[in-house]
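**Q**
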Amino acid sequence: MKQFPQLVEADFEALRRLLEEFLDKTGASLALLVERAGYLILGAGDAKKVDTTQLATLAANAFAACQFIAEQLGNTAFNSMFQQGDPLDALWRQVDETCLLVTVFPTEAGVGFVRYHAETTARLMAERLSIAREHTAGPGLDLSDLNPRDVAELFKKKDQ
Amino acid sequence: MPIIVHATKEIQIKVVYYGPAKSGKTTNLEQVHAQVQPPPGEEKSKLVNLATGSDRTLFFDFLPIQAPTIAGYKTKVQLYTVPGQVIYAITRQLVLRGVDGIVFVADSQYDLMPENLESFADLESNLQTLKLNLANIPYVLQYNKQDLPNAAPREYLDYVLNDREVRVPSFTATAAEGVGVFDTLNAIARILIQKFLFEMEKKSG
Chain G
1 MKQFPQLVEA DFEALRRLLE EFLDKTGASL ALLVERAGYL ILGAGDAKKV DTTQLATLAA
61 NAFAACQFIA EQLGNTAFNS MFQQGDPLDA LWRQVDETCL LVTVFPTEAG VGFVRYHAET
121 TARLMAERLS IAREHTAGPG LDLSDLNPRD VAELFKKKDQ
Chain L
161 MPIIVHATKE IQIKVVYYGP AKSGKTTNLE QVHAQVQPPP GEEKSKLVNL ATGSDRTLFF
221 DFLPIQAPTI AGYKTKVQLY TVPGQVIYAI TRQLVLRGVD GIVFVADSQY DLMPENLESF
281 ADLESNLQTL KLNLANIPYV LQYNKQDLPN AAPREYLDYV LNDREVRVPS FTATAAEGVG
341 VFDTLNAIAR ILIQKFLFEM EKKSG
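Taken in sequence, the protein lines are chains G and L.
The first sequence maps to residues 1 to 160 in this note's numbering.
The second sequence maps to residues 161 to 365 in this note's numbering.
1. Consult DSSP for G45 (chain G) and reduce its assignment to one of helix, strand or coil.
2. Does R257 (chain L) come within less than 7 Å of chain G when only Cβ atoms are used?
3. Let's test the definition: count the other Cβ atoms within 10 Å of the Cβ of P139 (chain G) and tell me whether it reaches 16, buried, or not, exposed.
4. State yes or no: is the beta carbon of T98 (chain G) nearer than 7 Å to at least one beta carbon in chain L?
5. Give me the residue from L:K174, L:Q302, L:F342, L:T251 with the minimum Cα distance to P329 (chain L).
6. Do the stretch 176 to 183 of chain L and the stretch 228 to 242 of chain L touch if we need at least three Cβ pairs shorter than 8 Å?
7. In or out: D159 (chain G) buried (at least 16 other Cβ within 10 Å) or exposed?
8. I'd like to know whether the C-beta of Q54 (chain G) is nearer than 7 Å to at least one C-beta of chain L.
9. Which value, in whole angstroms, describes the spacing of the CA atoms of Q3 (chain G) and D307 (chain L)?
10. Helix, strand or coil, according to DSSP, for L30 (chain G) in the structure here?
11. Consult DSSP for N188 (chain L) and reduce its assignment to one of helix, strand or coil.
12. Return no unless some Cβ of chain L is closer than 7 Å to the Cβ of V2 (chain G).
13. Below 7 Å on C-beta distance, what does Q172 (chain L) contact in chain G?
14. If we count Cβ pairs, one from each stretch, closer than 8 Å, do we get three or more for the stretch 22 to 32 of chain G versus the stretch 96 to 112 of chain G?
15. Comparing the C-beta of A227 (chain L) with each C-beta of chain G, is any distance below 7 Å?
16. Compare the C-alpha of Q83 (chain G) against each of G:C66, G:K25, G:H135 and name the closest.
17. Can you list, in chain order, the residues of its chain whose CB lies under 7 Å from that of N61 (chain G), leaving out five sequence neighbours each side?
18. Using 7 Å as the limit for Cβ to Cβ distance, is Q6 (chain G) near chain L?
19. Report the residues of the stretch 241 to 266 of chain L with a CB closer than 8 Å to any CB of chain G, ordered along the chain.
20. Name the DSSP bridge partner or partners of T151 (chain L)?
21. Do the stretch 290 to 304 of chain L and the stretch 74 to 92 of chain G touch if we need at least three Cβ pairs shorter than 8 Å?
22. Could you check if T76 (chain G) is buried or exposed, using at least 16 other CB atoms within 10 Å of its CB as the buried criterion?
23. If you compare alpha carbons, which of L:A311, L:P224, L:L357, L:G340 is closest to F270 (chain L)?
24. Work out the CA separation of F68 (chain G) and Y144 (chain L) for me, nearest whole Å.
25. Report the three-state DSSP secondary structure of I297 (chain L) (helix, strand or coil).
26. If you draw a straight line from the alpha carbon of A266 (chain L) to that of A47 (chain G), how long is it in whole angstroms?
27. What are the residues of the stretch 20 to 40 of chain G that lie near chain L, defined by any Cβ-Cβ distance shorter than 9 Å?
28. Just verifying my parser: in three-state terms, what is the DSSP assignment at D11 (chain G)?
29. Is the separation between the beta-carbon of A349 (chain L) and that of L33 (chain G) shorter than 7 Å?
30. Between the stretch 124 to 134 of chain G and the stretch 9 to 26 of chain G, can you find at least three pairs of beta-carbon atoms closer than 8 Å?
31. Is it buried or exposed for V300 (chain L), if we count other Cβ within 10 angstroms and need 16 for buried?
32. Where does K234 (chain L) fall in DSSP's three states?
33. List, in chain order, every chain G residue whose beta-carbon is nearer than 7 Å to that of L345 (chain L).
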């Protein structure tokens, strides 16, 4: 199974541009790139009204549950789902096997229109992730100054 | 494998609290949520609880927390629980997807050892379905509910649950009072970061 690649700045900016162009074309209010385990990788749009970290993890798990149901029903081509709401709808589109494009948009934008552009954006994002995978070893991570003993108490109680 | 985004200098790690029904998995997250000290300048995160009407976990609980910056990288840890009841086997499998580390929360009461063992076997089976092997995933054991009169001592619980080729760190706890919760959390976080360091060193040759 593919791993989500390590993103360097060029990848990140390319993905951000794709998300922003997608928002411009569709009038969607929020678009997120979410790794399938529930990590929020990148978001664009108006995130004031919603906790995007929460939304990402709920979206990834909801998609996984629906995909499992689809498989049980013999549908092996499940790659998107839609939640109808008022005034906002949500659309999930698989980018590749490691991540999803999650879009929140006003109902009047029209799901067909948003889905059409989501297909293109997801394909372009998948291509960019393939490029990122080729250099995924990337610059590495210099953790040479980290003493593992220093992380013995990563999380502290308020009164400590 | 943790998600690394060099562009934003972030590392994201997923830890799943696993164990039999009512062993205290949700209580662990509630205690972390109530007591954790966020890094300076960071806001306290929210705990998501997808529960039934009777407050039993239906899908998962979720709490994102942030550790102090490590070598310039923000370390975000996502804590999940799974529903413990037997009927939710598939749900547990979904939540385990992409897991980096596991906290197995056992109920220390003597008469619940079969449930602990059944849950542990279920964990191994679910990981196998995901083509993962527990031997390759860092995990720790927490022996919860030590305050109860019929709680077994740590030695016995180690004999039942930790008598394997590779023994893992184990912690006694009374999660409802916050006892042992942070010891467990810090242990799994430390192990995960050490594993991560090791793998990065291996990659860089």
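Glycine residues also receive a C-beta, built at the ideal position from the N, C-alpha and C atoms.
**A** If we stick to the structure as given:
1. Three-state result, G45 (chain G): strand.
2. With 7 Å as the cut-off, R257 (chain L) counts as an interface residue toward chain G.
3. Confidence at P139 (chain G) is low in this model, with a pLDDT of 44, below 50, so the placement of that residue is unreliable and no value is reported for it.
4. Not a single C-beta of chain L is nearer than 7 Å to the C-beta of T98 (chain G).
5. The candidate whose alpha carbon is nearest that of P329 (chain L) is L:Q302.
6. Three or more pairs of CB atoms, one per stretch, sit closer than 8 Å, so the stretch 176 to 183 of chain L contacts the stretch 228 to 242 of chain L.
7. D159 (chain G) is exposed by the Cβ-count criterion.
8. The beta carbon of Q54 (chain G) sits closer than 7 Å to some beta carbon of chain L.
9. Rounded to the nearest angstrom, the two C-alpha atoms are 43 Å apart.
10. In this structure, L30 (chain G) counts as strand in the three-state DSSP scheme.
11. Helix at N188 (chain L).
12. One detail in the question is off: residue 2 (chain G) reads as Lys in this sequence, not Val. No, K2 (chain G) does not count as interfacial toward chain L.
13. Residues of chain G passing the Cβ test: Y39.
14. The answer is yes - the stretch 96 to 112 of chain G touches the stretch 22 to 32 of chain G, with three or more Cβ pairs under 8 Å.
15. Interface residue (Cβ-Cβ distance to chain G less than 7 Å): A227 (chain L) is classified as such.
16. Looking at G:C66, G:K25, G:H135, the one whose alpha-carbon comes closest to that of Q83 (chain G) is G:C66.
17. The beta carbon of N61 (chain G) lies closer than 7 Å to those of G38 in the same chain, with the five residues before and after it left out.
18. At a cut-off of 7 Å between beta-carbon atoms, Q6 (chain G) makes contact with chain L.
19. Going along the stretch 241 to 266 of chain L in chain order, one finds I250, T251, L254, V255, R257, G258, V259 with a Cβ nearer than 8 Å to chain G.
20. In this structure chain L extends from 161 to 365, so residue 151 (chain L) is not present and cannot be described.
21. Put simply, the stretch 290 to 304 of chain L does not touch the stretch 74 to 92 of chain G. Fewer than three CB pairs are less than 8 Å apart.
22. Exposed is the call here.
23. Here residue 270 (chain L) turns out to be Tyr, not Phe, going by the sequence shown. Checked all of L:A311, L:P224, L:L357, L:G340; the closest Cα to Y270 (chain L) is L:A311.
24. With chain L covering 161 to 365 only, the question about residue 144 (chain L) has no answer from this structure.
25. Three-state DSSP puts I297 (chain L) in coil, outside helix and strand.
26. Answer to the nearest angstrom: the Cα atoms are 39 Å apart.
27. Of all residues in the stretch 20 to 40 of chain G, E35, R36, A37, G38, Y39, L40 have a Cβ within less than 9 Å of some Cβ in chain L.
28. The answer is helix: DSSP assigns D11 (chain G) an H, G or I state.
29. Between A349 (chain L) and L33 (chain G), the CB-CB gap reaches or exceeds 7 Å.
30. Judged by Cβ distances under 8 Å, the stretch 9 to 26 of chain G makes contact with the stretch 124 to 134 of chain G, as three or more pairs qualify.
31. V300 (chain L) comes out buried.
32. Of the three classes helix, strand and coil, the one that applies to K234 (chain L) here is strand, per DSSP.
33. Taking the beta carbon of L345 (chain L) as reference, the chain G residues within 7 Å of it are F155, listed in sequence order.
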